[in-house]
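In this note's numbering, the protein residues as written are 14 to 633.
The beta carbon of each residue, even a glycine, is placed where N, CA and C say it ideally should be.
One structure is given here, and the rest of the page talks about it.
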């Protein structure tokens, strides 16, 4: 007889197979005989099938298994497959009870949650979990790795080389990103930033969960971050050791630290009080018992592939043919005249008098550069991430321009906008600087003279410009919340294991877009988990994000009373609108046609170059 615990979380599936043992019944200490760990990339059933095949391959043909599930996504699958469900905190407590009776405190850090359990003889364990904030979790560590441009697996090596620790706000991903980018811009080493982040995680876990309760040894550490990042253990020991001098040497990291909830679920599976199910599985004392072949086919059950979605929105496109036709029409509506420039043409007698105009949009996360000729034609463009240093990013962009065209190009006028406008204008002697809204308005009006409304959605900000009789009538921008911006979609795409371009492409053909509402990034996690529990496909979730971006804009930022306020000539700009599903969502939600250029992510820089050309021509 074996016990199988399956933990399906928001990003991973973890399975633990145990030989039956229950010290309460006089048996031997439970023994873990096999484990499996995989990212499911929002396809738990597909990944689960493969994992079950490998996990059970060495079991005898007559083996029987008691099975239970846990995890935020596992709840939905347990209900559909009629498998007993166990709350993961209770499962973790069961591991301590049966396998580590000497432990007084359990600390668990997962992908998006953290837990702390206090054990005292003769009392019910005091169980605490983080709320809606994902600060101090694995996702927080992943986000920092992304900002540093390294793999999460490199964080431990970097942190071990650190010389200093700086304060970082770990309570919220938005605030921490600001702190980390500030450290990057100050040329603080990646090693120091990695160590500072691990220290911040430790402080957040203790402050958010202990809340004054003394953390007594021995302390059991579990979860992937503790298993794979030894430096995190050191920082936690330093944080809690300040209040307890006896902590050193009293931290326990189990061999299967990342599998503690699934191991506990396996232990609980053998005396579940849940009713047994039908479908060929046997029943013994109300426990779900599966034969080896039944267990192997667990995730092939037709119920596992049943979609029971309750919050469905209309498809963005009914077919690929409809999408292709739509895109062709859009490309005809707004055109950017381009003239790729040959290096040799710059030095020909015909081109000596040519003048060029440089536009730069230095954002918080990216630097965009555009070069126009005297006829307003696009001759060069560049888009790059600045990794927290807009100064160096601009230098690199200029070097690429110089590498392509040499020193012979005549830049007659230059203009900057965005986060680094003043810095670049001062440091490099650029001729002009304008605010972002004016740069985007100028670009939109140049390409669509009748424009009535301009919506620009960047990585972390959103700007809406209402136009009347060719002049700006009103401007709206988002404030503290960055939900509905480009980084909002990028964050979730990466969490689900997809590049943002692939994620966007999948959305256009989704047949059952899931309504995720207009919540912030933190609260959206719960909606995504709910969607996966109900069987939503990745493309359904991706399309749901496209709707959410627009709903957030219309209802939270603009607070529109009527879509008539937008007029009939709408232009959208910003990197977010390279995602055509977001454009289409705006059309469906407003009932209006929407225009966009072939270079929506460069429109701020494009507007700057137009402004520089306009100013130079006025004094020519």
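Per-residue burial, residue i [other beta carbons within 10 Å of its own, 16 or more giving buried]
i	result
residue 521	buried
residue 525	buried
residue 490	exposed
residue 190	buried
residue 555	buried
residue 344	exposed
residue 99	buried
residue 416	exposed
residue 74	exposed
residue 306	exposed
residue 435	exposed
residue 71	exposed
residue 581	exposed
residue 44	exposed
residue 331	exposed
residue 67	exposed
residue 342	exposed
Length of the line joining the Cα atoms of residue i and residue j
i	j	result
residue 92	residue 546	9 Å
residue 168	residue 158	7 Å
residue 120	residue 467	49 Å
residue 479	residue 124	42 Å
residue 281	residue 516	38 Å
residue 627	residue 23	52 Å
residue 26	residue 84	9 Å
residue 449	residue 506	27 Å
residue 20	residue 572	41 Å
residue 95	residue 87	11 Å
residue 248	residue 215	6 Å
residue 136	residue 561	46 Å
residue 414	residue 397	13 Å
residue 326	residue 523	10 Å
residue 621	residue 510	36 Å
residue 411	residue 379	14 Å
residue 112	residue 233	11 Å
residue 313	residue 347	48 Å
residue 619	residue 243	48 Å
residue 444	residue 241	51 Å
residue 329	residue 471	22 Å
residue 134	residue 192	42 Å
residue 270	residue 459	59 Å
residue 278	residue 79	10 Å
residue 563	residue 377	22 Å
Range of the contiguous alpha helix (DSSP H) that encloses residue i
i	result
residue 432	Element bounds for residue 432: n/a, residue is neither H nor E.
residue 595	593-603
residue 153	151-161
residue 628	616-631
residue 564	551-564
residue 99	From DSSP, residue 99 is part of no alpha helix (DSSP H); its letter is neither H nor E.
residue 132	First-last for residue 132: undefined, no H or E at that position.
residue 276	273-282
residue 90	87-94
residue 514	513-520
residue 171	168-173
Three-state secondary structure (DSSP) of residue i
i	result
residue 20	strand
residue 64	helix
residue 75	coil
residue 141	strand
residue 484	strand
residue 126	coil
residue 332	coil
residue 181	coil
residue 309	helix
residue 613	helix
residue 589	helix
residue 14	coil
residue 568	helix
residue 576	helix
Heavy atom of the ligand FMN within 6 Å of residue i beta-carbon
i	result
residue 151	Ligands displayed in this structure: none; no statement on the ligand FMN is therefore possible.
Range of the contiguous beta strand (DSSP E) that encloses residue i
i	result
residue 383	379-386
residue 373	369-375
residue 26	25-32
residue 583	583-586
residue 44	44-52
Closer than 7 Å to chain D by CB, residue i
i	result
residue 72	Included in the structure is just one protein chain, with no chain D present.
Self-check item: Runs of beta strand (DSSP E) lying entirely within the segment 189-243, each at least 3 residues, in chain order
Solution: DSSP runs (the beta strand (DSSP E)) wholly in the segment 189-243: 232-235.
Quiz item: Which whole runs of the beta strand (DSSP E) in the segment 393-475 are 3 residues long or more, in chain order?
Solution: For the segment 393-475, the full-length beta strand (DSSP E) segments reaching 3 residues or more read 424-430, 466-470 along the chain.
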